[in-house]
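Notes to accompany the following structure.
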Amino acid sequence: MSPTRREFVAGLAASGLISGFPSASHARGRASAGESPGTSCPFRLAVINDEISQDFDHACYVVSKDFGLQWIELRGMWNKNISDLDAKEIADARKILEKYQLRVTDIASPVFKTDWPGAPLSKQSPKRDQFNAAFDFKQQTPLLEHCIELTKAFNTDRLRCFDFWRLDDQKPYRAAINDKLREAAETCAKSNVILILENEMACNTGTGEEGAAVLAAIPNKNFMLNWDPGNAGTFPGNTPYPNGYESLPKERIGHCHCKDVSRKPDGKFEWQPVGGGLVDWVGQFRAFQRDGYHYAVSLETHWRGAGTPEASTRVSMKGLKDALQKAGIQC
């Protein structure tokens, strides 16, 4: 990371970035009181900002004005990972969020998206797109602490993480990995932050079934799953909904990424716009509503079939909203 944590926190304080920004809980209170539009949606419908553009102002304009949303997920902007922004860039980003009246669902950090020490080098390690982030194992503790400060700067209570590049055989290391995740959750709890583990096909928890096992091993209340049916669908033979979803403890789902995927006969996969792949998003949304899920449903497009990130995200957002409508949900 560019600044040290002490320098970073000092910069936030000097810039007045640790206070004075409407919190998510305050915003929810206003929404329940009917002070803003779109409150009939049971979810925090959002988009990961850099799936639209690295120009943060433009991304926020599209999310707010074109998509009509009130929530956004932060991963990177201005060709920098969210964890590399300095105090001035954070101040600029906050002004843009206020300009468009957008609230932040979570910090989509790269925490623990690295190799597990002592294990054979993962096949995923040298080839994955890390969204302008590359931190080794020794940097993970300061990275986690830094990202906790980012949740404060952007007034969200959620921090996304992973569980290390996927190993061919994770069994010898799983207990130690779980200990590391548990330790991270305990660190987050001290700052009232919820740590959300994404099921990521390139990491050791890739499916709903694997997510259920990790949640069972780590009962901390502030440790939840970022459920990504599209990622789970990359595994041959896996059915994200209903099978993967039904394996999960519903009260432990704290975030959802929305994308779609198709699989080829050779076992490889291709991203698709929402509604164009194998994920039963209509069924998933109905199940979310039935089970009382009310956190983020955040579009993580990945598909680039329309030519550019923005054009592809526009197509995929239409597919997402169509699926919600078919599920009988107004957003």
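Per the numbering used here, the sequence shown starts with residue 29, numbered consecutively.
Just so it is clear, CB atoms sit at the ideal spot from N, CA and C, and this is done for glycine as well.
Give a yes or no on whether the minimum CB-CB distance between residue i and chain C is below 9 Å.
i, result
"P148", "The structure shown contains no chain C; it is built from a single protein chain."
Measuring only the C-alpha atoms, how far is residue i from residue j?
i, j, result
"P170", "G356", "44 Å"
"D350", "P293", "28 Å"
"P200", "G239", "18 Å"
"F263", "C231", "12 Å"
"P247", "G335", "43 Å"
"A119", "R291", "42 Å"
"L276", "T235", "10 Å"
"A212", "H86", "34 Å"
"S340", "W144", "34 Å"
"A17", "I124", "Given a span of 29 to 359 for the chain in the structure shown, any question on residue 17 remains unanswerable."
"C286", "S344", "9 Å"
"N183", "C216", "14 Å"
"T233", "L102", "22 Å"
"D207", "D94", "43 Å"
"S92", "R72", "13 Å"
"C175", "P148", "28 Å"
"V20", "K166", "Given a span of 29 to 359 for the chain in the structure shown, any question on residue 20 remains unanswerable."
"L225", "R332", "25 Å"
"N271", "A115", "44 Å"
"Q198", "M252", "21 Å"
"R342", "K218", "39 Å"
"C88", "Q152", "32 Å"
"E328", "M229", "14 Å"
"L97", "C284", "16 Å"
By the 10 Å Cβ neighbour count, where 16 or more other Cβ atoms means buried, how is residue i classified, buried or exposed?
i, result
"A55", "Any reading at A55 needs caution, since the residue's pLDDT is 42, under 50, leaving its predicted position unreliable; the model's value is listed next. Looking at its Cβ environment, which holds 16 or more other Cβ atoms inside 10 Å, A55 is buried."
"K180", "buried"
"E126", "exposed"
"D288", "buried"
"N220", "exposed"
"N266", "buried"
"G146", "exposed"
"H322", "exposed"
"K360", "Nothing in the structure corresponds to residue 360, since the chain is present only between 29 and 359."
"Q129", "exposed"
"D191", "buried"
"R280", "buried"
"D78", "buried"
"E214", "exposed"
"A244", "exposed"
Just checking my contact of residue i with residue j at CB under 8 Å: how many whole Å lie between their CB atoms?
i, j, result
"Q353", "S68", "The pair is not a contact, with the Cβ atoms about 13 Å apart (cut-off 8 Å)."
"V90", "I76", "In fact, because the Cβ distance is near 12 Å, the residues do not count as touching under 8 Å."
"S111", "S137", "6 Å"
"R188", "D134", "6 Å"
Kindly indicate which residue of the options has the alpha-carbon position closest to the one of residue i.
i, options, result
"S326", "N254, A260, D197", "N254"
"L178", "P148, S290, A121", "A121"
"V302", "K346, Q312, T267, P277", "K346"
"R186", "N250, K123, N227", "N250"
"N363", "A213, C216, A217, N259", "Only positions 29 to 359 of the chain appear in the structure, and residue 363 is not among them; the question remains open."
"G104", "L97, Q98, L113", "L113"
"D256", "G146, L102, Q312, S344", "Q312"
"E117", "Y128, D94, D83", "D83"
"L209", "L73, V242, W331, L306", "V242"
"G193", "Q98, F163, P270, Q317", "Note that residue 193 is Trp in the sequence shown, not Gly. With distances taken between Cα atoms, W193 lies closest to F163."
"Y269", "A315, L225, E279, E328", "A315"
"I222", "G282, A324, L195", "G282"
"G261", "Q300, G320, V307", "V307"
"C131", "W331, T329, A324", "It should be noted that the sequence gives Arg, not Cys, for residue 131. Comparing Cα-Cα distances from R131 to each of W331, T329, A324, the minimum goes to A324."
"W99", "W106, P70, K108, K296", "P70"
"F330", "C175, D319, V139, G304", "One detail in the question is off: residue 330 reads as His in this sequence, not Phe. Answer by Cα proximity: G304."
"Q300", "L348, C284, D197", "L348"
"N109", "V139, A244, L97, K218", "V139"
Ranges of the alpha helix (DSSP H) found wholly within the region 222-292, counting only runs of at least 4: Within the region 222-292, the complete alpha helix (DSSP H) runs of at least 4 residues are 236-245, 257-260.
Length at least 3, wholly inside the region 140-188: the beta strand (DSSP E) runs in chain order: Listed in chain order, there is nothing to give.
Could you tell me which uninterrupted beta strand (DSSP E) segments, each at least 3 residues in length, are contained entirely in the region 71-136, listed from first to last along the chain? Segments of the beta strand (DSSP E) lying fully in the region 71-136: 72-75, 99-102.
Would you list, in sequence order, the uninterrupted beta strand (DSSP E) runs of no fewer than 3 residues that lie entirely inside the region 298-346? Runs found: 324-327.
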